[in-house]
Amino acid sequence: MFVEPAIENIIFNYSEFLMAPTNLIIAPLFLFTLFSLVRVQEGVEDSGKYPIVVSTWPFLEAVRAAWEAVDKGFNAVDAVVEGCSACEELRCDGTVGPGGSPDENGETTIDALLMNGATMEVGAVASMRYVKDGIKAARLVMQHTKHTMLVGERASIFAISMGLPGPTNLSSSESMEKWTRWKENNCQPNFRKNVVPVDSCGPYQPKDNLGHNKGICSEANSIGTIESRTCLVGPHSHDTISMAVIDKMGHVAVGTSTNGATFKISGRVGDGPIAGSAAYADDGVGACGATGDGDIMMRFLPWYLINSILNFHYLDQVNTNKISEKGKSAIKKKIVFCVGCQVR
1340 MFVEPAIENI IFNYSEFLMA PTNLIIAPLF LFTLFSLVRV QEGVEDSGKY PIVVSTWPFL
1400 EAVRAAWEAV DKGFNAVDAV VEGCSACEEL RCDGTVGPGG SPDENGETTI DALLMNGATM
1460 EVGAVASMRY VKDGIKAARL VMQHTKHTML VGERASIFAI SMGLPGPTNL SSSESMEKWT
1520 RWKENNCQPN FRKNVVPVDS CGPYQPKDNL GHNKGICSEA NSIGTIESRT CLVGPHSHDT
1580 ISMAVIDKMG HVAVGTSTNG ATFKISGRVG DGPIAGSAAY ADDGVGACGA TGDGDIMMRF
1640 LPWYLINSIL NFHYLDQVNT NKISEKGKSA IKKKIVFCVG CQVR
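Numbering (this note's numbering), first residue to last: 1340 to 1683.
Below you can see the structure in the form of structure tokens.
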């Protein structure tokens, strides 16, 4: 029976969550990462702190959907799908599901990931066009192929052939209006660098002199180790739902779904569908997930890093603050002024 859940909205500052029996750990490293925790208090007391549902941002309806599923006996994987699907339907924050984050051409595409911590199976779709059900498409990849990821229009064809609705126009009046305003503003800001023109829309060509790039946001210094992206990455330009579930059997799973970075270059794939970058799950260790600047997160695989560190320690003797600090330090050594790489 579903009991009214206790709901807490928490801004983590490397908060520690060790959840028996599989020690599910959510260790967010990135600014603006808001996790919503829903649990049935009686169930937690009676069964040893599970099932558990955790998600980035205050996407409470998505968390409730996952909770209702896992409370009915769904396994962790299917509960994650229920939760992320709810967020896709609701178009959470305009950054999940259809109708948001237009690319340079005004098109909305979907990235999604599903990972089973019991079997280490992963299914993912990236830059998927014409199909709005990203997390369900990721599950189809996991269940009906020997691959890990399908991309682009071929991912769409696969998803539709396996029964998902489509083709569907993923744009909305809001996304097209946003894209039109951006075009009228000379396509500023954008994700281009070392190209001309620098202060208007393309077509773009490589710049012969790779020195200064006045007029664009992203630039590299002379040795290529400093990158500034603060004017492109904000709380409503890149969000992902990253959800972790521990089911009644003690198994963990994670999932993500996003329509990516606003005004990204067409064809760009973010961290969302990359295991270890946006999320990671391993029954023997735990599950991690977050949202942030995906182009930077992909370079460091922070959630795989944290799981790997935990895998070589006794979890009851581990200070998760220190482990999270290691994950952050790995990024901060190389990247500065990164909005998506700071801790609140």
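Every residue, glycine too, gets a C-beta built ideally from N, C-alpha and C. In this text the structure is predicted, and so the values were computed from the model without any measurement.
Exercise for the section: Output the distance between the C-alpha atoms of F1351 and D1538, rounded to the nearest integer angstrom. Expected result: Any reading at F1351 must be qualified, since the residue scores a pLDDT of 28, below 50, and its modelled position is unreliable; no value is offered.
Exercise for the section: Give the DSSP-derived three-state secondary structure of Q1544 in the structure shown. Expected result: Look at Q1544 here: in three-state DSSP terms it is strand.
Exercise for the section: With DSSP as the reference, label C1423 as helix, strand or coil. Expected result: Secondary structure at C1423: helix, using DSSP grouped into helix, strand and coil.
Handout entry: Helix, strand or coil at A1620 [DSSP, three-state]
Key = If DSSP states are grouped into helix, strand and coil, A1620 belongs with the strands.
Handout entry: Bounding residues of the beta strand (DSSP E) (the contiguous stretch that carries N1455)
Key = According to the DSSP assignment, N1455 belongs to the beta strand (DSSP E) that extends over I1449 to N1455.
Exercise for the section: Give me the Cα-Cα distance between C1627 and S1512, rounded to the nearest whole angstrom. Expected result: If you take the alpha carbons of C1627 and S1512, they lie about 35 Å apart.
Problem - Ranges of the alpha helix (DSSP H) found wholly within the region 1479 to 1504, counting only runs of at least 4 - result: Fully enclosed alpha helix (DSSP H) runs of 4 or longer: 1491 to 1500.
Handout entry: Residue span of the beta strand (DSSP E) that contains G1594, given as start and end
Key = Residues V1591 to T1597.
Practice task
Answer yes if the region 1489 to 1505 comes into contact with the region 1447 to 1467, meaning at least three C-beta pairs across the two stretches below 8 Å, and no otherwise.
Solution key: Of all C-beta pairs linking the region 1447 to 1467 to the region 1489 to 1505, three or more are shorter than 8 Å, placing the two stretches in contact.
Problem - Contact belief for T1601 with T1579 at Cβ below 8 Å, rounded distance in angstroms - result: Contact doesn't hold; Cβ gap of about 13 Å is too wide.
Handout entry: Reduced DSSP secondary structure (H/G/I, E/B, other) of I1604
Key = Three-state result, I1604: coil.
Problem - A1404 vs G1422 beta-carbon contact at 8 Å - result: In this structure, the beta-carbon distance from A1404 to G1422 falls below 8 Å.
Practice task
Check each candidate in N1444, N1414, E1428 and S1424 and name the one with the smallest Cα separation from I1604.
Solution key: The candidate whose alpha carbon is nearest that of I1604 is N1444.
Practice task
May I have the straight-line CA-CA distance separating N1646 from D1610, to the nearest angstrom?
Solution key: Their backbone Cα atoms lie some 17 Å apart in a straight line.
Handout entry: Sequence-distant residues of the same chain with beta carbon closer than 8 Å to M1515, five excluded per side
Key = If we look at M1515 and ignore the five residues flanking it on each side, its Cβ neighbours are P1441 and G1445.
Practice task
Could you say which of V1392, V1535 and P1397 lies nearest to N1414 if we only look at CA atoms?
Solution key: Of the candidates V1392, V1535 and P1397, the residue whose Cα lies closest to the Cα of N1414 is V1392.
Problem - Three-state secondary structure (DSSP) of M1459 - result: If DSSP states are grouped into helix, strand and coil, M1459 belongs with coil.
Exercise for the section: Would you mind stating whether V1624 and N1598 have Cβ atoms separated by less than 8 Å? Expected result: No, these two residues do not count as a Cβ contact at 8 Å.
Handout entry: Neighbourhood of A1418 by C-beta distance below 6 Å, restricted to the same chain and skipping five residues each side
Key = The answer, listed in chain order, is A1405, A1408, V1409 and V1584.
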